Amino acid sequence: MNKAKLKEIFVDAFEELEKDALEKTKEYYVKEVARKLYFAIGTTSGDEAHNRLRDRLFELIRESFDEILEKQND
Numbered sequence: 445m446n447k448a449k450l451k452e453i454f455v456d457a458f459e460e461l462e463k464d465a466l467e468k469t470k471e472y473y474v475k476e477v478a479r480k481l482y483f484a485i486g487t488t489s490g491d492e493a494h495n496r497l498r499d500r501l502f503e504l505i506r507e508s509f510d511e512i513l514e515k516q517n518d
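Structural data, given as structure tokens:
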């Protein structure tokens, strides 16, 4: 096998690993944000605005997780 072909194989493999690492990093940060938001506003309150904000943020978090899972299954 010549050096040019070998280099092409290594570059392709590296790009795939880099892409996979980026996706895992994105997933990690989405989970961290979700966890921090849960602890910040995870309890119900007598304040209706607080409850609406909490419900909307949880909805956005669920949508983010669904997107990540869909990308992983593709």
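Quick note on numbering: this note's numbering labels position 30 of the sequence shown as 474, and the sequence is numbered without any gaps.
Note that CB positions come from ideal geometry on N, CA and C, so glycine has one too.
None of these values were measured; they are calculated from a predicted model.
Does the stretch 502–512 come within contact of the stretch 459–474, defined as at least 3 CB pairs closer than 8 Å?
Yes, since at least three Cβ pairs between the stretch 502–512 and the stretch 459–474 fall closer than 8 Å, the two stretches touch.
Beta-carbon contacts of Glu447 that lie in its chain and below 8 Å, excluding the five residues immediately before and after
Along the sequence shown, read from residue 1 onward, the residue named residue 447 stands at position 3. Just to set this straight, residue 447 is Lys in the shown sequence, not Glu. Excluding residues within five positions, none has a Cβ falling inside 8 Å.
May I have the straight-line CA-CA distance separating Ala457 from Ala493, to the nearest angstrom?
Locating residue 457 in the sequence shown gives position 13, counting from the first residue. Locating residue 493 in the sequence shown gives position 49, counting from the first residue. Straight-line Cα distance between these residues: approximately 49 Å.
When Val455, Glu467, Lys451 are compared against Asn517, the one with the closest alpha-carbon:
Residue numbering aside, residue 517 sits at position 73 when the sequence shown is read from its first letter. Here the closest residue by C-alpha is Glu467.
By how many angstroms is the C-alpha of Asp491 removed from the C-alpha of Leu461?
For the purposes of this step, residue 461 is taken as the residue at position 17 of the sequence shown. For the purposes of this step, residue 491 is taken as the residue at position 47 of the sequence shown. If you draw a straight line from the Cα of Leu461 to the Cα of Asp491, it comes to about 47 Å.
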